Amino acid sequence: MTDVSRRTLLATTLVAGTLPAGAARAATKPRAPQPWGAVPSPRQWRWHGREAYAFVHFSINTYTDKEWGFGDESPKLFNPSDFDADQIVAAAKAADLRGLILTAKHHDGFCLWPTNLTEHCIRNSPYKDGKGDIVREMADACRRANLPFGLYLSPWDRNHAQYGRPEYITYYRAQLTELCTRYGELFEVWFDGANGGDGYYGGAREARKIDAPRYYNWPSIIALVHKLQPNACTFDPLGADIRWVGNEDGVAGDPCWPTMPNKPYDQKDGNSGVRGAELWWPAETDVSIRPGWFYHADEDSKVKSPERLIRLYDESVGRGTNLNLNIPPDRRGRIADQDMKILKSFGDAIRATFAQDLAKDAVASASHSRGRGFEPARVLDGDRESYWSVPDGVTTPSLTLDLPPGHSFDVIRLREYLPLGVRVTRFAIDAEVDGRWQTLAEHACISAQRIVRLEKPIAARRVRLRILEAPVAPAISEFALFRSVAPVDVPAIVSSDPTVLDTAGWKIVEASAPGAEKLLDNDAGTIWAQPAPGAGKPAGVTVALPETVLLAGFSLTPSRHVMTNAAPPRGYVAETSVDGKQWQPAATGEFSNIAYALSTQRITFAAPRTARFLRLRFAETALPTPRLAVAGIGGFTATQ
Ligand code: FUL
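For the sequence shown, the residue numbers in mature numbering (1 follows the signal peptide of the UniProt record, and there is no 0) are -26 to -1, 1 to 614.
See below:
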């Protein structure tokens, strides 16, 4: 039997046979199902189609090697030597990212656009003699490449003298107005949840506490964005179009429902959403390709591998959320070569994997069909606006794809037609291989999309989607099959910066608790933990370098996860030695904001010194917790 006649036969016997009586002859198209529960706004529905886009953290922190600037940094520090917006856009495109969000202002208050609202901006930097505008350059480059553009504007501003008072809100709204009116269309506007705390605040150098929802009055700020930029989705307070996924690791809950209760954000609910809740408030999964959000040369060795990015893709996009992948430019103002290679490898693999839907020529049949316009074959047409549905009251239908021979697949993608709400509660996928049906997967939630990756490719005669539970008739817009293409390997490097020391050859000489090797394993996920230090209970570690170097400073990485019973050290006493016997003081101080920023701290000694041994002692934890935790230490030499 030829393929065509087999398909024709199947189409007449299975599909038409399942239509409701008379539907095949009916001249009128059946009514579409009624929406169920919360549904996306048109703006949110468009946003769901973006899937993955780039976050670009670039600012003063890039030049101070910090994650959170204090707000007292001189604008003169911002001086990209070779800024290239097109190269950054090309990196996003290489990774198949479909938008780009730039940090117009981070917590330190420095503005990347020439605004007259503050002196703390690019006008007072050496970049293009104060005539530069990074927001404009990025917006133009995105437009040239047909890449949607978005902006991040930190509500917390550690530079502004009036932060915490009503005058600052007027300033913030004026900033937003400039950004929403000068740079063309924006697809997303990002409000960071980090707020309050200590800062420079125009020289006051104090801690300021705010009650964020009351202080910012988010509904009015969101309304301002929507008035000026009707297509921009706002992130992430209650009332915004998009919510936070609840972690910065790139992992959405399984399931991750796009609905949430109409109450202030709760991190635990945020990760998995709440089935059937009243608000359409879908999750965005934000994560950095590097440990930090800003570029640091000593993290060149820690760029996530292409394989890791594919896992992140599966755990974010594959669970119906959008992935916001941070790709921070280096001090030149370009994406570092290592990151570029990794992004290309990742993007090539994603493109190749999803290039060809192997189910496209399958024959779709179903236990039920709603009739003309809602036939089973709608799941194969690659159109997110068309869908298969069934008569009202049918909630557990199944749909079978009779596959053309000669293909094997290991990736399955399902999509619901979201304008009718998220309708499927649970589903299973089966495959018929060598005449026997087997269940491949069973999950809760399809939503925008659900990607199921099999351990190995299978060649099935048929595959079947079984809806196991739904409150109403499902509406499925895609059932697609793919063969995954592995990314090309990109070997790790130590650092593009020769002053960054490779800790691979470092040895622990002594430590106040076992497990100190974890400090040197280049993995922020492994933690050296011990009882909190105190009187008579010192904590510390001594390391030996493989050879004597001109040591200019050290770094310390805390656990990047909030730990309930442990905290990083508040401060340090650092000493160095050439022979491991005679010790010289090197530096003493506090780690700035370590307990909240949870980012690597880089401490530069007053002057570089010849050393082969480094000893660090910690007197107390940064928060009153029973245990002390440190993820890593490192070191750097003087600039050569
Ligand atoms: C966090 C910020 O504190 C980080 O610096 C970064 O901007 C991240 C995307 O959001 O809350």
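Beta carbons: idealized from backbone N, C-alpha and C, even for Gly.
Predicted, not measured: the structure shown is a model, and the values here were computed from it.
Among V462, V604, S469 and S573, which one has its Cα closest to the Cα of D272?
The residue given as residue 272 occupies position 298 in the sequence shown. Taking only the C-alpha atoms, the option nearest D272 is S469.
DSSP beta-bridge partners for Y27?
Taking the sequence shown and counting its residues from 1, the one referred to as residue 27 is at position 53. Within the DSSP bridge table, the entry for Y27 names N298 as partners.
Assuming contact is defined by CB atoms lying nearer than 8 Å, are R188 and G170 in contact in what I supplied?
Residue 188 sits at position 214 when you count from the first residue of the sequence shown. Residue 170 sits at position 196 when you count from the first residue of the sequence shown. No, these two residues do not count as a Cβ contact at 8 Å.
How would you call residue 634, buried or exposed, if buried means at least 16 neighbouring beta carbons within 10 angstroms?
The requested residue 634 is not part of the displayed model; the chain covers only -26 to 614.
So, do the region 530 to 547 and the region 562 to 579 have three or more beta carbon pairs nearer to each other than 8 Å?
A contact exists between the region 530 to 547 and the region 562 to 579.
Please decide whether P600 counts as near chain B, where near means a Cβ-Cβ distance under 8 Å.
Here chain B cannot be found, since the structure has a single protein chain.
Assuming the contact rule is C-beta atoms closer than 8 Å, S363 and A447 should be a hit. Round their C-beta distance to whole Å, please.
Looking up residue 363 in the sequence shown gives position 389. Looking up residue 447 in the sequence shown gives position 473. Under the criterion of beta carbons closer than 8 Å, S363 and A447 qualify as touching, at roughly 6 Å.
For E25, count the other beta carbons within 10 Å of its own beta carbon; 16 or more makes it buried, fewer makes it exposed. Which is it?
Counting from one through the sequence shown, the residue named residue 25 turns up at place 51. Answer is buried; the Cβ neighbour count reaches 16.
Which term fits Q423, buried or exposed, when burial requires 16 or more other beta carbons within 10 angstroms of its beta carbon?
By one-based count along the sequence shown, residue 423 stands at place 449. Buried: at least 16 other Cβ atoms inside 10 Å.
My understanding is that R456 touches F268, with C-beta atoms under 8 Å, so please give their C-beta distance in whole angstroms.
Working through the sequence shown from its first residue, we reach residue 456 at position 482. Working through the sequence shown from its first residue, we reach residue 268 at position 294. Here residue 456 is Phe; the residue named in the question, Arg, does not match the sequence. No, F456 and F268 are not in contact; Cβ-Cβ is about 35 Å, not under 8 Å.
Jot down the residue ranges of each uninterrupted beta strand (DSSP E) in the region 242 to 307, minimum 3 residues, whole runs only, in chain order.
257 to 262 and 296 to 300
Contacting residues, own chain, Cβ-Cβ under 7 Å from H342 (five flanking each side not counted):
Numbered from 1 along the sequence shown, position 368 holds the residue referred to as residue 342. Sequence-distant Cβ neighbours of H342 in its own chain, meaning closer than 7 Å and more than five residues away, are T(-9), V364, P365, V368 and P371.
Determine the direct distance from the alpha carbon of W480 to that of L494, and round the result to whole angstroms.
Walking along the sequence shown from the start, residue 494 turns up at place 520. Walking along the sequence shown from the start, residue 480 turns up at place 506. Each residue's Cα considered, the two are about 7 Å apart.
Assess, as a yes-or-no matter, whether the region 413 to 433 is touched by the region 459 to 469 under the definition of 3 or more beta carbon pairs within less than 8 Å.
no
Which first and last residues belong to the beta strand (DSSP E) in which P559 is found?
Residue 559 sits at position 585 when you count from the first residue of the sequence shown. In the DSSP assignment, P559 falls within the unbroken beta strand (DSSP E) covering Q558 to E564.
Are the beta-carbon atoms of E258 and N298 separated by less than 8 Å?
Taking the sequence shown and counting its residues from 1, one reaches residue 258 at position 284. Taking the sequence shown and counting its residues from 1, one reaches residue 298 at position 324. Cβ distance < 8 Å, so E258 and N298 count as in contact.
Classify K79 as buried or exposed, calling it buried when 16 or more other Cβ atoms lie within 10 Å of its own Cβ.
Locating residue 79 in the sequence shown gives position 105, counting from the first residue. Buried is the call here.
Nearer than 7 Å: is that true of the beta carbon of E41 relative to any heavy atom of ligand 1?
Translated into positions along the sequence shown, residue 41 becomes position 67. Indeed, a heavy atom of ligand 1 lies less than 7 Å from the Cβ.
Option nearest N53 by Cα separation, candidates C116, E111 and G307:
Residue 53 sits at position 79 when you count from the first residue of the sequence shown. Taking only the C-alpha atoms, the option nearest N53 is G307.
Do you know whose CA, among K276, A251 and G73, lies nearest S262's CA?
The sequence position of residue 262 within the sequence shown is 288, counting from 1. Here the closest residue by C-alpha is K276.
H31: CB within 7 Å of a non-hydrogen atom of ligand 1:
What you label residue 31 is simply residue 57 of the sequence shown in a count that begins at 1. Yes.
Taking one C-beta from the region 580 to 598 and one from the region 499 to 515 each time, how about it: are there three or more such pairs within less than 8 Å?
yes
Which of the three DSSP states, helix, strand or coil, is assigned to Y239?
Translated into positions along the sequence shown, residue 239 becomes position 265. Y239: coil per DSSP, three-state reduction.
For the 8 Å Cβ check, are there 3 or more pairs between the region 158 to 176 and the region 124 to 132?
Contact annotation: the region 158 to 176 touches the region 124 to 132, with at least three C-beta pairs closer than 8 Å.
Euclidean distance between Cα positions of D408 and R387:
Along the sequence shown, read from residue 1 onward, the residue named residue 408 stands at position 434. Along the sequence shown, read from residue 1 onward, the residue named residue 387 stands at position 413. Rounded to the nearest angstrom, the two C-alpha atoms are 23 Å apart.
Residues around ligand 1, please: the ones whose beta-carbon is closer than 5 Å to some heavy atom of it, in chain order.
D166, A168 and W267
What residues in its chain sit with their C-beta under 8 Å from that of D56, if we drop five residues either side in the sequence?
Taking the sequence shown and counting its residues from 1, one reaches residue 56 at position 82. Closer than 8 Å at the Cβ level, and outside the excluded window around D56, lie R306, G307 and R308.
Can you tell me where the beta strand (DSSP E) holding Y126 begins and where it ends?
On the sequence shown, position 152 is the one that residue 126 refers to. Looking at the DSSP string, the run of the beta strand (DSSP E) that includes Y126 is F123 to L127.
Taking the continuous beta strand (DSSP E) assigned at H417, which residues delimit it?
On the sequence shown, position 443 is the one that residue 417 refers to. Unbroken beta strand (DSSP E) run through H417: R410 to A418.
With a 10 Å radius around its C-beta and 16 neighbouring C-beta atoms as the bar for buried, classify A541 as buried or exposed.
Here residue 541 refers to the residue found at position 567 of the sequence shown. By the neighbour-count rule (16 or more Cβ atoms within 10 Å), A541 is buried.
If I follow the unbroken alpha helix (DSSP H) through V63, where does it start and stop?
The sequence position of residue 63 within the sequence shown is 89, counting from 1. According to the DSSP assignment, V63 belongs to the alpha helix (DSSP H) that extends over A59 to A68.
Rounded to the nearest angstrom, what separates T(-15) and Y361 at their Cα positions?
The residue given as residue -15 occupies position 12 in the sequence shown. The residue given as residue 361 occupies position 387 in the sequence shown. Low local confidence applies: a pLDDT of 34 at T(-15) is under 50, so the model's placement there is unreliable, and no value is given.
Across which residues does DSSP place R20 in a beta bridge pair?
Position 46 of the sequence shown, counted from the start, is the residue given in the question as residue 20. Partner(s): none; R20 has no beta bridge.
Could you give the DSSP three-state label for D311: helix, strand or coil?
The count along the sequence shown starts at 1 and reaches residue 311 at position 337. Looking at D311 - three-state DSSP - the assignment turns out to be helix.
Please report the residue range of the beta strand (DSSP E) in which K511 lies.
By one-based count along the sequence shown, residue 511 stands at place 537. It is not in any beta strand (DSSP E) - K511 carries neither H nor E in the DSSP assignment.
Please report how far the alpha carbon of A402 lies from the alpha carbon of I441, in whole angstroms.
Counting from 1 along the sequence shown, the entry for residue 402 is found at position 428. Counting from 1 along the sequence shown, the entry for residue 441 is found at position 467. So the alpha carbons of these two residues sit roughly 6 Å apart.
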